[in-house]
Amino acid sequence: VGEEVLISGVIYTARDAAHKRLVDLIKKKKPLPFPLKDEIIYYTGPTPAKPPRPIGSCGPTTSFRMDSFTPLLLSKGLRGMIGKGSRSPEIIAFADLGLEAVYKLWVEDFPAIIGIDSRGEDLYNV
Numbered sequence: 001v002g003e004e005v006l007i008s009g010v011i012y013t014a015r016d017a018a019h020k021r022l023v024d025l026i027k028k029k030k031p032l033p034f035p036l037k038d039e040i041i042y043y044t045g046p047t048p049a050k051p052p053r054p055i056g057s058c059g060p061t062t063s064f065r066m067d068s069f070t071p072l073l074l075s076k077g078l079r080g081m082i083g084k085g086s087r088s089p090e091i092i093a094f095a096d097l098g099l100e101a102v103y104k105l106w107v108e109d110f111p112a113i114i115g116i117d118s119r120g121e122d123l124y125n126v
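Note that full-length UniProt numbering has the sequence shown beginning at 1, numbered continuously upward.
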């Protein structure tokens with residue numbers, strides 16, 4: 001917890017509406033538009049890019065809103081999530097979604113801080 005990391009490779013963006021669709025597809029045993037196994041989802045909704053930039057503003061959104069979707073996505077092999085703020089104490093590709101659509105991003109040395117680790121240590125509750 002509190003360790004700074006640099007992420008390079010592919011990460012996917014997804015917010016509330018995209019998470020709901022992913023979970024619905026999984027429950028209906030339908031194919032997903034991108035793989036979950038060993039991938040990272042960044043909780044963001046990028047604004048449209050202004051040329052020549054590849055992407056517009058792309059800051060994180062609140063993590064706890066995705067908590068109800070997290071257990072199922074993790075059970076399908078999702079490796080990590082990047083978002084803003086604390087998670088709830090208990091975790092209970094879609095173009096038409098606009099800013100909430102899923103985007104595939106290639107990143108290099110993307111700075112992130114581990115806020116909650118796999119042992120449940122929580123930077124927000126120190």
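Beta carbons are placed, not taken as given, at the ideal position from N, Cα and C, and that holds for glycine.
A quick note: this is a predicted structure, and the numbers were derived from the prediction, not measured.
Residue 73 counts as buried, since at least 16 other C-beta atoms from the protein chains shown sit within 10 angstroms of its C-beta.
Counting the other CB atoms within 10 Å of its CB gives residue 121 a total below 16, which places it among the exposed residues.
Residue 69 is bridged by DSSP to nothing; it lacks a bridge partner. Under DSSP, residue 62 shares a beta bridge with 84.
Approximately 15 Å separates the beta-carbon atoms of residue 87 and residue 16; this is outside 8 Å, ruling out the contact. Per DSSP, residue 26 lies in no beta strand (DSSP E); the unbroken alpha helix (DSSP H) holding it starts and ends at 16-27.
In this structure, residue 41 sits near residue 14, with a CB-CB distance shorter than 8 Å.
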